[in-house]
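Note that full-length UniProt numbering gives residue 75 to position 75 of the sequence shown, counting from 1, and the numbers run on in steps of one. Glycine is no exception: its CB is placed at the ideal position from the N, C-alpha and C atoms. Just so it is clear, the structure is predicted and the values come from calculations on it, not from any experiment.
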Amino acid sequence: MNVIILAAGYGTRLQNDIINDKTGKYSNLLDVPKPLLPIKNDQPLLSLWMEIINEVDIINKVYIVINRKYEDQFRLWAKDHPNIILVVENSCSNEDRSGAVKCIQLALDSMEELTDVNVLAGDTLFMKDFSLSKAICLFKNISGNKDISLISYYNCSDNDVSKRGILEVDDSGHVLQFLEKPKPSVTTSRKACPCFYLLHRNHTKLIQKFLHEKRVRAVFCSFLEESTAI
1 MNVIILAAGY GTRLQNDIIN DKTGKYSNLL DVPKPLLPIK NDQPLLSLWM EIINEVDIIN
61 KVYIVINRKY EDQFRLWAKD HPNIILVVEN SCSNEDRSGA VKCIQLALDS MEELTDVNVL
121 AGDTLFMKDF SLSKAICLFK NISGNKDISL ISYYNCSDND VSKRGILEVD DSGHVLQFLE
181 KPKPSVTTSR KACPCFYLLH RNHTKLIQKF LHEKRVRAVF CSFLEESTAI
């Protein structure tokens with residue numbers, strides 16, 4: 001299994017908040033990409049993810065998709081992590097970014113062989129009780145000889161529904177629909193879907209086909225809706 005970390009975003013809202021902060025307390029974080037923000041003992045968020053990933057023996061390689069604007073900062077950070085592979089998405093602004101699906105495909109194109117992949121967001125970190133190794137073991141047990149991918153969710157409150165991506169699933173747990181920040185009245189589901197996906201190797205082949213069929217910037221929620229095997 002390989003890991004794909006999506007780190008090509010621009011954190012526009014955070015950057016605007018820093019600019020508008022009159023105290024100047026966080027001015028040192030201006031133009032620092034969110035995955036490289038200091039979190040614990042001044043360690044960047046990505047470094048914390050790497051600590052978690054390095055504890056899982058089944059993971060072979062880690063691919064981090066970055067944008068052109070922050071490439072130098074990521075390469076400086078990567079000097080302490082020789083086992084990762086940086087994949088550059090050729091955008092320099094939020095307006096011309098490729099979208100999550102294209103970024104995933106860029107990482108897949110960089111891989112030497114077809115394999116299961118764990119896709120996660122480089123600008124988020126899960127709670128302390130989260131176990132990457134347990135999640136991967138669950139995925140392996142469920143998939144077995146079947147082409148099954150695993151999409152994570154957690155139960156959110158009514159107030160948070162309009163702030164999250166919400167999954168609708170059938171009784172067997174298959175994804176029926178992904179709703180992007182819906183009003184609570186639109187759906188009875190309270191299954192919030194973070195960017196953490198365990199994709200079967202045969203499902204990764206569907207991403208290229210999906211991209212060919214889309215003329216606009218593709219988002220991963222659309223891929224989830226159209227991939228009936230997930």
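Under a Cβ-count criterion, where at least 16 other Cβ atoms within 10 Å of its own Cβ denotes burial, should residue i be classed as buried or exposed?
i	result
residue 58	exposed
residue 164	buried
residue 25	exposed
residue 50	buried
residue 185	exposed
residue 4	buried
residue 19	exposed
residue 67	buried
residue 143	buried
residue 38	exposed
residue 23	exposed
residue 75	exposed
residue 128	exposed
residue 205	exposed
residue 34	buried
DSSP three-state call for residue i: helix, strand or coil?
i	result
residue 140	helix
residue 19	helix
residue 118	strand
residue 112	coil
residue 230	The pLDDT assigned to residue 230 is 49, lower than 50, so where the model puts this residue is not dependable, and the model offers no usable value.
residue 218	Interpretation of residue 218 is limited by its pLDDT of 47, a score under 50 that renders its predicted location unreliable; the figure taken from the coordinates is listed afterwards. DSSP places residue 218 in coil when its eight states are reduced to three.
residue 134	helix
residue 29	helix
residue 104	helix
residue 145	coil
residue 181	coil
Let me check you understand the geometry: is the CB of residue i closer than 7 Å to at least one non-hydrogen atom of the ligand GTP?
i	result
residue 127	As for the ligand GTP, it is missing from this structure, which has no ligand bound.
Figure out for me which residue from the options has the closest Cα to the Cα of residue i.
i	options	result
residue 46	185, 192 and 123	123
residue 69	157, 103 and 88	88
residue 178	189, 94 and 158	189
residue 54	81, 92 and 10	81
residue 153	194, 201, 83 and 183	194
residue 78	19, 44, 28 and 172	44
residue 99	65, 75, 143 and 129	65
residue 15	22, 86, 30 and 8	30
residue 182	174, 191 and 106	191
residue 106	121, 71 and 86	86
residue 112	139, 73 and 60	60
residue 156	28, 32 and 187	187
residue 96	173, 134 and 8	8
Starting from residue i and walking both ways along the beta strand (DSSP E), at which residues does that stretch end?
i	result
residue 40	38-40
residue 7	2-7
residue 64	62-67
residue 126	Here residue 126 belongs to no beta strand (DSSP E), and DSSP marks it neither H nor E.
residue 95	It is not in any beta strand (DSSP E) - residue 95 carries neither H nor E in the DSSP assignment.
residue 173	No beta strand (DSSP E) contains residue 173, which DSSP labels as neither H nor E.
residue 165	165-169
Ends of the alpha helix (DSSP H) at residue i?
i	result
residue 45	45-53
residue 89	It is not in any alpha helix (DSSP H) - residue 89 instead sits in the beta strand (DSSP E) that spans 84-89.
residue 76	71-78
residue 206	201-213
If residue i and residue j are in contact, beta carbons under 8 Å, what's the gap, nearest whole angstrom?
i	j	result
residue 136	residue 56	6 Å
residue 151	residue 167	7 Å
residue 90	residue 1	Not really, about 27 Å apart at Cβ, beyond 8 Å.
residue 102	residue 211	6 Å
residue 145	residue 10	So it is not a contact: roughly 41 Å between Cβ atoms.
residue 207	residue 108	7 Å
residue 116	residue 201	5 Å
residue 175	residue 169	6 Å
residue 73	residue 36	6 Å
residue 198	residue 130	Residue 198 to residue 130, Cβ: 13 Å. No contact.
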